[in-house]
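Trainee:
Printed below as a string of structure tokens:
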């Protein structure tokens with residue numbers, strides 16, 4: 028049995044953070060597919076009792092531990108492996124600052140935008156897209172400006188802050204309807220640097236569930 032099991036599905040940027048970290052540190056791990064779009068697993072009492080009371084992925088199983096929330100998982104894996112961790116209190120605080128900004132402001136808007144653009148039925152009003160896109164553009168501009176000054180968020184080497192931030196940025200541009208790389212050149216160059224790290228893999232190659240099988244979303248086959 029693998030040392031780590033990761034409950035995940037291919038379309039989840041949040042799960043991709045954990046899967047990518049596992050691969051980058053060379054961990055012995057295997058994915059456990061949660062069919063999110065059918066919604067039959069994570070809504071069960073068994074899943075919420077035995078796996079995650081929040082009914083979400085990712086969940087990292089390691090021995091008798093089941094860890095949830097991607098930031099917690101990244102920190103845990105970083106400390107165990109000694110890789111991609113910030114060094115010293117100042118870097119730790121800076122990494123935490125960017126991880127919180129990412130979860131609230133970057134992927135916190137990108138994730139919902141991508142979901143409603145591809146899978147929400149009925150499709151929301153255009154005003155919803157306009158609101159989210161405005162926030163996405165403004166927040167990615169902040170990240171782009173940061174990355175014009177240094178190759179990674181904390182400076183000269185990648186940390187868990189970078190692994191957190193890339194969560195949704197490798198998904199295809201047509202899933203968003205806009206090209207993040209084209210609009211934010213420094214972000215694009217940074218994504219290439221992260222992609223060059225040994226162990227990097229695309230989310231659709233790293234986690235199961237793509238392309239879609241027989242999953243249903245609101246009673247309709249998922250695209």
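Numbering (the working numbering), first residue to last: 28 to 250.
Here a beta-carbon is modelled for each residue, glycine too, at the ideal position from N, C-alpha and C.
Mapping the DSSP letters down to three states, classify residue 102 as helix, strand or coil.
Mentor: Counted from its first residue, the chain shown places residue 102 at position 75. Note: residue 102 maps to helix in three-state DSSP.
Trainee: Would you identify the three-state DSSP class for residue 245, choosing helix, strand or coil?
Mentor: Position 218 of the chain shown, counted from the first residue, corresponds to residue 245. Reliability fails at residue 245, whose pLDDT of 38 lies under 50, so the model's placement of it is uncertain and no value is given.
Trainee: Cβ atoms of residue 189 and residue 221: under 8 angstroms apart, would you say?
Mentor: If you number the chain shown from 1, residue 221 lands on position 194. If you number the chain shown from 1, residue 189 lands on position 162. Against a cut-off of 8 angstroms, the Cβ pair of residue 189 and residue 221 comes out as a contact.
Trainee: What whole-angstrom Cβ distance do residue 29 and residue 233 have, given they're in contact under 8 angstroms?
Mentor: As a first step, residue 29 is located in the chain shown; it is residue number 2 there, counting from the start. As a first step, residue 233 is located in the chain shown; it is residue number 206 there, counting from the start. Not quite, the Cβ-Cβ distance comes to about 14 angstroms (not below 8 angstroms), so this is no contact.
Trainee: Would you identify the three-state DSSP class for residue 59, choosing helix, strand or coil?
Mentor: In the chain shown, the residue the question calls residue 59 occupies position 32. Residue 59: strand per DSSP, three-state reduction.
Trainee: To which residues does DSSP link residue 180 through a beta bridge?
Mentor: Taking the first residue of the chain shown as 1, we reach residue 180 at position 153. The partner list for residue 180 (beta bridge, DSSP) is empty, contrary to what the question assumes.
Trainee: From residue 83 to residue 96, what distance separates their C-alpha atoms?
Mentor: Mapped onto the chain shown, residue 83 falls at position 56. Mapped onto the chain shown, residue 96 falls at position 69. For residue 83 and residue 96, the distance between alpha carbons rounds to 9 angstroms.
Trainee: Do you know how far the Cα of residue 122 is from the Cα of residue 116?
Mentor: Locating residue 116 in the chain shown gives position 89, where the first residue counts as 1. Locating residue 122 in the chain shown gives position 95, where the first residue counts as 1. If I take the Cα positions, the gap works out to 10 angstroms.
Trainee: So what's residue 95 in DSSP terms, helix, strand or just coil?
Mentor: As a first step, residue 95 must be located in the chain shown, where it is residue number 68. The answer is strand: DSSP assigns residue 95 an E or B state.
Trainee: Just the C-alpha distance for residue 153 and residue 140, rounded to the nearest angstrom, thanks.
Mentor: For the purposes of this step, residue 153 is taken as the residue at position 126 of the chain shown. For the purposes of this step, residue 140 is taken as the residue at position 113 of the chain shown. Answer to the nearest angstrom: the Cα atoms are 11 angstroms apart.
Trainee: Using a Cβ-Cβ cutoff of less than 8 angstroms, which residues in the same chain neighbour residue 51 once the five nearest sequence positions on both sides are dropped?
Mentor: The sequence position of residue 51 within the chain shown is 24, counting from 1. Excluding sequence neighbours, residue 51 sits near 110, 111, 190, 224, 225, 226 and 227.
Trainee: Would you decide whether residue 165 is buried or exposed? Buried here means 16 or more other CB atoms lie within 10 Å of its CB.
Mentor: Position 138 of the chain shown holds residue 165. The residue in question, residue 165, is exposed, as its Cβ has fewer than 16 Cβ neighbours within 10 Å.
Trainee: Kindly indicate the opening and closing residues of the beta strand (DSSP E) around residue 88.
Mentor: As a first step, residue 88 must be located in the chain shown, where it is residue number 61. First-last of the beta strand (DSSP E) with residue 88: 86-89.
Trainee: Given a threshold of 16 other Cβ atoms within 10 Å of its Cβ, counted over all protein chains shown, does residue 187 qualify as buried or as exposed?
Mentor: Counting from 1 along the chain shown, the entry for residue 187 is found at position 160. Flag for residue 187 reads buried.
Trainee: Take the Cβ of residue 200 as the centre, count every other Cβ of all protein chains shown within 10 Å, and call the residue buried at 16 or more, exposed below.
Mentor: By 1-based counting over the chain shown, the position of residue 200 is 173. The residue in question, residue 200, is exposed, as its Cβ has fewer than 16 Cβ neighbours within 10 Å.
Trainee: Buried or exposed: which applies to residue 90, given that a residue is buried once 16 or more other Cβ atoms fall within 10 Å of its Cβ?
Mentor: Position 63 of the chain shown, counted from the start, is the residue given in the question as residue 90. So residue 90 counts as exposed.
Trainee: Considering only the beta carbon of each residue, do residue 35 and residue 85 sit closer than 8 angstroms?
Mentor: On the chain shown, position 8 is the one that residue 35 refers to. On the chain shown, position 58 is the one that residue 85 refers to. Yes.
Trainee: Does the structure place the stretch 202-217 close enough to the stretch 161-178 that three or more beta carbon pairs sit under 8 angstroms?
Mentor: Verdict: yes, contact present.
Trainee: If you drop the 5 nearest sequence neighbours on each side, which residues of the same chain put their C-beta closer than 8 angstroms to that of residue 168?
Mentor: Along the chain shown, one-based indexing puts residue 168 at 141. Closer than 8 angstroms at the Cβ level, and outside the excluded window around residue 168, lie 211.
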